[in-house]
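Numbering of the sequence shown is given in the numbering used here, commencing with residue 113 and proceeding in unit increments. The beta-carbon is built from N, C-alpha and C at its ideal position, and this holds for glycine as well. What follows is a set of notes on a single structure, which appears directly below.
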Amino acid sequence: MEKNVQEVKKGLLIIISGPAGVGKGVVCKGLIERNSNIKMSVSATTRQKRPREVEGISYFFKTPEEFSRMIESGEFLEYMYVFDSNYYGTPKAYVEEELESGTDIILEIDVNGAMRVKQIYPDAISIFIAPPDLGTLKSRLIGRGTETPEALERRFGAALSEISRIGEYDYIVINDVVDKAVGKIESILSAERSSVKRNKPLIDKLQKGCNQQ
Ligand code: 5GP
């Protein structure tokens, strides 16, 4: 029987970045709640667990020794030393298996990690979530109440440098109203799924049919 080309389509690799406090987490949550075919990749990190964070859902929390062992055994798609003394990394096996089986995967990672992933997977879709303005970002960061004043300053500085690199992304989505931001990302993904470059087998099949006419 002829293979249905739609059935063998790989999932989309979706990279979401944006400054701390911009609301990436809520936007990603909205996306996976509204779309059963989209899943989050769970990163590993050496940073301390925050209140309300859950092991295996927010992150896989690792000691520096455990993280080093994972680096040595090649378990990461990419990893990064972000802020202070914390490591963050994307476990490779889960992402590759899910993409192969047709699931769309979100990587919520920093700008450097995003660009590393884009080099490995040029077809990945990179989306930068931006605040409506810097004042809103600062008050959201303060409102979170999880950081020391020094850490807050450092994160705000990091936010400014991330914003200066928006030009390296494929798309920008302003997170003013969460539902609207989620809707915009859904539109981006829908357009990407219809792109010519992602539909080569379908096009080849159609064109083969044309030649037989
Ligand atoms: P947080 O400590 O606020 O959870 O995250 C700090 C930063 O690390 C965010 O910009 C987040 O997107 C980034 N991050 C989280 N996981 C990863 C990862 O696996 N790889 C990279 N490169 N960055 C990550």
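Based on DSSP bridge pairs, tell me the residues matched to residue i.
{"i": "V229", "result": "In DSSP, V229 forms no bridge with anything."}
{"i": "L143", "result": "Partner(s): none; L143 has no beta bridge."}
{"i": "E190", "result": "T202"}
{"i": "Y171", "result": "E167"}
{"i": "L249", "result": "Paired residues: none, contrary to the question."}
{"i": "L125", "result": "I217"}
{"i": "I237", "result": "I126"}
{"i": "T158", "result": "Answer is none; T158 lacks a bridge partner."}
{"i": "M182", "result": "According to DSSP, which records beta bridges pairwise, M182 is partnered with nothing at all."}
{"i": "K151", "result": "I217"}
For the candidate residues the options, whose alpha-carbon lies nearest to that of residue i?
{"i": "E176", "options": "Y199, C140, I127 and P244", "result": "The question names Glu, but residue 176 in the sequence shown is Pro. Looking at the Cα atoms, Y199 is the closest of the given residues."}
{"i": "N224", "options": "G257, D216, V194 and I237", "result": "V194"}
{"i": "I217", "options": "N323, C322 and M152", "result": "M152"}
{"i": "E209", "options": "G135, G123 and D316", "result": "G123"}
{"i": "R164", "options": "Y281, T258, L314 and K317", "result": "T258"}
{"i": "L264", "options": "I275, R252 and G186", "result": "R252"}
{"i": "I357", "options": "Y191, N323 and K309", "result": "There is no way to answer for residue 357, as the model of the chain reaches only from 113 to 325."}
{"i": "E280", "options": "N287, V229, G168 and E187", "result": "V229"}
{"i": "L301", "options": "N323, V138, L246 and D235", "result": "D235"}
{"i": "K136", "options": "I221, G214, L314 and T248", "result": "I221"}
{"i": "G53", "options": "L272, E212, R266 and A226", "result": "What the structure shows of the chain is the stretch from 113 to 325, and residue 53 is not part of that stretch, so it cannot be assessed."}
{"i": "G102", "options": "P131, Q325 and R146", "result": "This structure cannot speak to residue 102, because the chain is shown only from 113 to 325."}
Which same chain residues, not among the five before or five after residue i, have their C-beta less than 7 Å away from its C-beta?
{"i": "I284", "result": "F240, A242 and I278"}
{"i": "K250", "result": "F268"}
Look at the Cβ atom of residue i, then the Cβ atom of residue j, and state whether they are nearer than 8 Å.
{"i": "Y171", "j": "S148", "result": "no"}
{"i": "R256", "j": "G142", "result": "no"}
{"i": "E304", "j": "I254", "result": "no"}
{"i": "I128", "j": "C140", "result": "yes"}
{"i": "P244", "j": "I286", "result": "yes"}
{"i": "M182", "j": "G201", "result": "yes"}
{"i": "E187", "j": "K204", "result": "yes"}
{"i": "V308", "j": "V138", "result": "no"}
{"i": "K312", "j": "G214", "result": "no"}
Here's a check: name, in chain order, each residue in its chain whose Cβ is nearer than 8 Å to the Cβ of residue i, leaving out the five neighbours to either side.
{"i": "V207", "result": "L125, S153, L189, I217 and L219"}
{"i": "I144", "result": "I150, K151, M152 and I218"}
Taking 6 Å as the limit between beta carbons, can you name the residues of its chain near residue i, skipping five residues before and five after?
{"i": "T158", "result": "K174, P176, F179, N198 and Y199"}
Contained beta strand (DSSP E) runs [length at least 3] in the segment 239 to 303, N- to C-terminal order: Runs of the beta strand (DSSP E) spanning 3 or more residues and lying entirely within the segment 239 to 303 occur at 283 to 286, in chain order.
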